[in-house]
Amino acid sequence: MLAEQNPWVLRTICTMVAALIVIACILWNIRQRRLRETYAIIWLVFGVALLLFGVFPQIFMYISTWTGIYYLTLIMGFFFICLFVFILQISVIISSHSDSVCRLTQRSAIAREEIESLKQQVRTLQDKLDTGESQKSGDDNQNGGDA
Amino acid sequence: MPAFNEAASLPAVFADLQVYANDFDWLVVDDASHDNTSEVAKSFGATVLTLPLNMGVGGAVQAGYIYAWENGYDCAIQFDGDGQHRAKHFAELLDPLQNAQADMVIGSRYLDGVRYRQQVSRQIGTRIFSLVLKLFLRQKITDPTSGFRAVNKPLLRFFAKHYPQGWLGDTLEALVEAARHGFVVREIPVTMRQRKHGTSAGSFLKGAFSSCCVLLAIFIDLFEKKHPNHGKPAEDKSC
Chain W
7 MLAEQNPWVL
17 RTICTMVAAL
27 IVIACILWNI
37 RQRRLRETYA
47 IIWLVFGVAL
57 LLFGVFPQIF
67 MYISTWTGIY
77 YLTLIMGFFF
87 ICLFVFILQI
97 SVIISSHSDS
107 VCRLTQRSAI
117 AREEIESLKQ
127 QVRTLQDKLD
137 TGESQKSGDD
147 NQNGGDA
Chain A
7 MPAFNEAASL
17 PAVFADLQVY
27 ANDFDWLVVD
37 DASHDNTSEV
47 AKSFGATVLT
57 LPLNMGVGGA
67 VQAGYIYAWE
77 NGYDCAIQFD
87 GDGQHRAKHF
97 AELLDPLQNA
107 QADMVIGSRY
117 LDGVRYRQQV
127 SRQIGTRIFS
137 LVLKLFLRQK
147 ITDPTSGFRA
157 VNKPLLRFFA
167 KHYPQGWLGD
177 TLEALVEAAR
187 HGFVVREIPV
197 TMRQRKHGTS
207 AGSFLKGAFS
217 SCCVLLAIFI
227 DLFEKKHPNH
237 GKPAEDKSC
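Taken in sequence, the protein lines are chains W and A. So the first sequence is residues 7 to 153, counted in this note's numbering. So the second sequence is residues 7 to 245, counted in this note's numbering.
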């Protein structure tokens, strides 16, 4: 078996499949308009990086030589730190959006109440106007009749 | 008055208000109730803000403060829609505001021998919260989770802009924010109607857990930077 001859092949295939699934999920969410461009780009970069590491695991070796870090776990740690920073940023955005939603909801309730109150005032004025006009026309008719 | 599915209890609350607070303007903030809370409140002549989404008590109370501030009110009383609070205490609540002795007056269940039965976890939680407030804010508050409170105009302005939306944002965290920004908080003894509480182990654990969360939230509030230019103004604070 190929995998028995070279365990790297199996690992590469597994990582590639995982990366492709991640990219497919991202693309699916973009297609469904559920992921905004700003976040889509970050996730796509993440997916492509995962795919590259899967296809060319030698990149790890280059990074190790370049950074002087020879432990794979440290590189994976760095990877998780990047993810952590990203998730933290997302939490900050969610907090800000929660505030915005709250403000909008409150504003909409106040605006609705103001509209209701204005409608009521318009109705009252209209009623008064109608009553005044009918009284006036009644008076006019009476005056006309008298004349 | 924040209200969520309170259509059944509102008639009794309004009956109380009609006796003791007939000359007040009543505002009910319906927090996207599933029942006809808004209609019931309107039928009693209250102004109703109907939130299109459920925002929790904090969001609902803040909507009320925004409305009060924008409509030029000098003070506002926060009052629960479940019938727990009694309108007969309104005058006592407003007195320290009118005499410029405080910016916020809280109706306390535990002052001066007033007795109120509560779940053990809540009692312990309240004690701990009081201790934390005393340690960090130098204010002695016996009932920091009481939602029966009156605020004056400067604090109305502050709450219209900044109001915590957390677990007990409407009571405890709002109190912490107000005290941190230099507003004076006082308490007066009030009696409240007893609420029904569960006594099971599940509710004890739930109470203890939420107390821990709130305690953490208070520390986060204390750590947060103060809002610039929104502290207590130097102008006359009388109501």
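Beta carbons are placed, not taken as given, at the ideal position from N, Cα and C, and that holds for glycine. Computed from a predicted structure; not experimentally measured.
*Taking the Cβ atom as the reference point for each residue, do F154(A) and V196(A) lie within a distance shorter than 9 Å?*
Walking along the second sequence from the start, residue 154(A) turns up at place 148. Walking along the second sequence from the start, residue 196(A) turns up at place 190. A contact, by the Cβ cut-off of 9 Å.
*State the start and end residues of the unbroken alpha helix (DSSP H) segment that holds P195(A).*
Residue mapping note: residue 195(A) aligns to position 189 of the second sequence, counting from 1. Where P195(A) is concerned, there is no enclosing alpha helix (DSSP H), although the beta strand (DSSP E) it sits in stretches over V191 to P195.
*Extent of the continuous alpha helix (DSSP H) to which P70(A) belongs*: The residue you call residue 70(A) lines up with position 64 of the second sequence. Per the sequence shown, residue 70(A) should be read as Gly rather than Pro. In the DSSP annotation of this structure, the continuous segment of the alpha helix (DSSP H) that includes G70(A) starts and ends at G62 to E76.
*Do you know offhand how far F62(W)'s Cα is from L50(W)'s?*
For the purposes of this step, residue 62(W) is taken as the residue at position 56 of the first sequence. For the purposes of this step, residue 50(W) is taken as the residue at position 44 of the first sequence. Note on geometry: alpha-carbon atoms of F62(W) and L50(W) lie some 18 Å from one another.
*How would you list, in chain order, the residues of chain W whose beta-carbon sits under 8 Å from the beta-carbon of V54(A)?*
By 1-based counting over the second sequence, the position of residue 54(A) is 48. Taking the beta carbon of V54(A) as reference, the chain W residues within 8 Å of it are E119, listed in sequence order.
*What does S114(W) touch in chain A if you count any residue whose Cβ is under 7 Å from its own?*
As a working note, residue 114(W) is residue 108 in the first sequence. Chain order gives the chain A residues near S114(W) as P58, where near means a beta carbon separation below 7 Å.
*asked:* Is the beta carbon of A184(A) closer than 9 Å to that of V220(A)?
replied: Within the second sequence, the letter at position 214 stands for residue 220(A). Within the second sequence, the letter at position 178 stands for residue 184(A). No, the Cβ-Cβ distance between V220(A) and A184(A) is not below 9 Å.
_M198(A) (DSSP reduced to helix, strand or coil)_ = For the purposes of this step, residue 198(A) is taken as residue 192 along the second sequence, with counting starting at 1. Here M198(A) sits in coil by DSSP.
*May I ask you to report which of helix, strand or coil DSSP gives Q84(A)?*
In the second sequence, the residue the question calls residue 84(A) occupies position 78. DSSP places Q84(A) within a strand segment (E or B) once states are collapsed to three.
*Does the stretch 126-139 of chain A touch the stretch 84-104 of chain A, meaning 3 or more C-beta pairs lie closer than 8 Å?*
When Cβ pairs closer than 8 Å are counted between the two stretches, the stretch 84-104 of chain A is seen not to touch the stretch 126-139 of chain A, the count staying below three.
*Since N158(A) sits in a beta bridge, which residues does DSSP pair it with?*
Along the second sequence, one-based indexing puts residue 158(A) at 152. Assignment of beta-bridge partners to N158(A) by DSSP yields C81(A).
*Relative to the alpha-carbon of C218(A), which residue among Q107(A), Y169(A), L57(A) and I134(A) has its alpha-carbon at the smallest distance?*
Reading the second sequence from its first residue, position 212 is the one you call residue 218(A). Out of Q107(A), Y169(A), L57(A) and I134(A), I134(A) has the C-alpha closest to the C-alpha of C218(A).
_Interface positions of the stretch 73-89 of chain A facing chain W (Cβ-Cβ less than 7 Å), listed along the chain_ = Legend: CB atoms of the stretch 73-89 of chain A lying less than 7 Å from CB atoms of chain W belong to residues Y73.
*chain W beta carbons: is any one of them nearer than 9 Å to that of D35(A)?*
In the second sequence, residue 35(A) corresponds to position 29, counting from 1. The sequence as given places Val at residue 35(A); Asp does not occur at that position. For V35(A), the answer is yes, since a Cβ of chain W falls inside 9 Å of its Cβ.
*Buried or exposed by the 16-neighbour rule on C-beta atoms within 10 Å, applied to D242(A)*: The sequence position of residue 242(A) within the second sequence is 236, counting from 1. Reliability of the predicted coordinates at D242(A) is poor, the pLDDT of 48 falling under 50, and no value is obtained from them.
*Among the residues of its own chain, which have a CB less than 7 Å from the CB of L145(A), if the five just before and after it don't count?*
Here residue 145(A) corresponds to residue number 139 of the second sequence, with the count starting at 1. According to the sequence provided, residue 145(A) is Gln. The question's Leu does not apply to it. L139, A185 and V191.
*Within chain W, partners of G65(A) - CB distance below 8 Å*: Translated into the one-based positions of the second sequence, residue 65(A) becomes position 59. For G65(A), the chain W residues whose C-beta falls within less than 8 Å of its own C-beta are C108, T111 and Q112, listed in chain order.
_Inter-residue Cα distance where the pair is S114(A) and R113(W)_ = Sequence index remark: in the second sequence, residue 114(A) carries index 108 (1-based). Sequence index remark: in the first sequence, residue 113(W) carries index 107 (1-based). One alpha carbon belongs to S114(A), the other to R113(W), and they sit about 32 Å apart.
*Where S70(W) and F90(W) are concerned, what is the direct C-alpha to C-alpha distance, given to the nearest angstrom?*
In the first sequence, the residue the question calls residue 70(W) occupies position 64. In the first sequence, the residue the question calls residue 90(W) occupies position 84. Roughly 22 Å separates the two Cα atoms.
*Would you report the Cα separation of I47(W) and L181(A), rounded to the nearest angstrom?*
As a first step, residue 47(W) is located in the first sequence; it is residue number 41 there, counting from the start. As a first step, residue 181(A) is located in the second sequence; it is residue number 175 there, counting from the start. Their Cα atoms are separated by approximately 42 Å.
*asked:* Pull the bridge partners of T53(A) from the DSSP assignment, please.
replied: Position 47 of the second sequence holds residue 53(A). Partner(s): L33(A).
*asked:* Excluding the 5 residues flanking K142(W) on each side, which residues of the same chain have their C-beta closer than 6 Å to its C-beta?
replied: Working through the first sequence from its first residue, we reach residue 142(W) at position 136. Excluding sequence neighbours, K142(W) sits near nothing in its chain.
*Taking the CB atoms as reference points, tell me whether F165(A) and Y71(A) lie closer together than 9 Å.*
The sequence position of residue 165(A) within the second sequence is 159, counting from 1. The sequence position of residue 71(A) within the second sequence is 65, counting from 1. Taking a C-beta distance under 9 Å as the contact criterion, F165(A) and Y71(A) qualify as a contact pair.
_Between which two residues does the beta strand (DSSP E) holding I75(W) run?_
For the purposes of this step, residue 75(W) is taken as residue 69 along the first sequence, with counting starting at 1. Unbroken run through I75(W): none, as it is neither H nor E.
*May I ask you to verify whether the stretch 99-119 of chain W touches the stretch 53-65 of chain A, counting CB pairs closer than 8 Å and requiring at least 3?*
Of all C-beta pairs linking the stretch 99-119 of chain W to the stretch 53-65 of chain A, three or more are shorter than 8 Å, placing the two stretches in contact.
*Looking at C-alpha atoms only, which residue of S136(A), D109(A) and I194(A) is the closest neighbour of H187(A)?*
As a working mapping, residue 187(A) is identified with position 181 in the second sequence. It is D109(A).
_Contact between the stretch 35-54 of chain A and the stretch 12-26 of chain A is defined here as three or more beta-carbon pairs at a separation below 8 Å; is this criterion met?_
Under the 8 Å Cβ criterion, the stretch 35-54 of chain A counts as touching the stretch 12-26 of chain A, having at least three qualifying pairs.
_I'd like to know if S97(W) contacts chain A, where contact means its C-beta is closer than 9 Å to some C-beta of that chain._
In the first sequence, the residue the question calls residue 97(W) occupies position 91. S97(W) does not count as touching chain A.
*Using 10 angstroms around the beta-carbon of F84(W), count the other beta-carbons present and answer buried if the total reaches 16, otherwise exposed.*
The count along the first sequence starts at 1 and reaches residue 84(W) at position 78. So F84(W) ends up on the exposed side.
*Could you check if V98(W) is buried or exposed, using at least 16 other CB atoms within 10 Å of its CB as the buried criterion?*
Sequence index remark: in the first sequence, residue 98(W) carries index 92 (1-based). V98(W) comes out exposed.
*Within 10 angstroms of its Cβ, does M82(W) collect 16 or more other Cβ (buried), or is it exposed?*
If you number the first sequence from 1, residue 82(W) lands on position 76. Exposed, since its Cβ has fewer than 16 Cβ neighbours within 10 Å.
*What does I112(A) pair with, by DSSP beta-bridge criteria?*
Taking the second sequence and counting its residues from 1, the one referred to as residue 112(A) is at position 106. The beta-bridge partner set that DSSP reports for I112(A) consists of R155(A) and E193(A).
*From F189(A) to E179(A), what does the alpha carbon distance come to, in whole angstroms?*
Here residue 189(A) corresponds to residue number 183 of the second sequence, with the count starting at 1. Here residue 179(A) corresponds to residue number 173 of the second sequence, with the count starting at 1. Separation of F189(A) and E179(A) (C-alpha to C-alpha, rounded to the nearest whole angstrom) is 14 Å.
_Checking the sheet assignment: what are the DSSP bridge partners for A9(A)?_
Taking the first residue of the second sequence as position 1, residue 9(A) is located at position 3. BP columns for A9(A) point to D36(A).
*Return the residue from the list L131(W), F52(W), Y68(W) and V15(W) that minimises the CA-CA distance to I87(W).*
Here residue 87(W) refers to the residue found at position 81 of the first sequence. Nearest C-alpha to I87(W): F52(W).
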